[in-house]
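Residue numbers (this note's numbering): 5 to 110.
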């Protein structure tokens, strides 16, 4: 299940991600950074992915691990190709917001 072929990509939460306050709404999740006053609207999927690091922000996760988590909770039995594309988009959204980054694999 390696996305894009080759070696799996590894991701880590940034320090910013651990200090965010959040609230769920019908159309997404609001994340507020109390240090900067910045508010972000994330998709439900991006918020779900970010929750991977809720208990331990020092861990890393491969794209494949995150994809397996997404597929495990998806009630609609989404096909893997669609789930990969949506996960890639969510990771890009989180990376652009400075909440996750690529890291050397552990």
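Even glycine gets a Cβ: it sits at the ideal position worked out from N, Cα and C. Fair warning: this is a prediction, and the values are worked out from it, not measured in the lab.
Residues of its chain near residue i, where Cβ-Cβ distance is below 6 Å and the 5 sequence neighbours each way are ignored
{"i": "residue 41", "result": "none"}
{"i": "residue 108", "result": "none"}
{"i": "residue 15", "result": "65 and 104"}
Opening and closing residue of the alpha helix (DSSP H) in which residue i lies
{"i": "residue 69", "result": "67 to 77"}
{"i": "residue 39", "result": "Unbroken run through residue 39: none, as it is neither H nor E."}
{"i": "residue 90", "result": "84 to 100"}
Cut-off 8 Å between Cβ atoms - residues of its own chain near residue i, not counting five sequence neighbours on either side
{"i": "residue 97", "result": "46, 47 and 50"}
Residue i - DSSP class collapsed to helix/strand/coil
{"i": "residue 62", "result": "coil"}
{"i": "residue 55", "result": "helix"}
{"i": "residue 6", "result": "Here residue 6 scores only 41 on pLDDT, less than 50, and its place in the model should not be relied on; the value that follows carries that caveat. The answer is coil: DSSP assigns residue 6 none of H, G, I, E or B."}
Residue range of the unbroken beta strand (DSSP E) whose run includes residue i
{"i": "residue 47", "result": "Counting along the chain, residue 47 falls outside any beta strand (DSSP E), and DSSP gives it neither H nor E."}
{"i": "residue 12", "result": "Taken as a continuous stretch (DSSP letters only), residue 12 belongs to no beta strand (DSSP E), as it is neither H nor E."}
7 Å CB neighbourhood of residue i in its chain, flanking five on each side removed
{"i": "residue 101", "result": "44"}
{"i": "residue 63", "result": "57"}
Closer than 7 Å: residue i CB and nearest the ligand COA heavy atom
{"i": "residue 43", "result": "Ligands are entirely absent from the displayed structure, and the ligand COA is therefore not among its contents."}
Residue i, buried or exposed, once every other Cβ within 10 Å from all chains shown has been counted against 16
{"i": "residue 88", "result": "buried"}
Rounded Cβ spacing between residue i and residue j (contact assumed at less than 8 Å)
{"i": "residue 25", "j": "residue 36", "result": "5 Å"}
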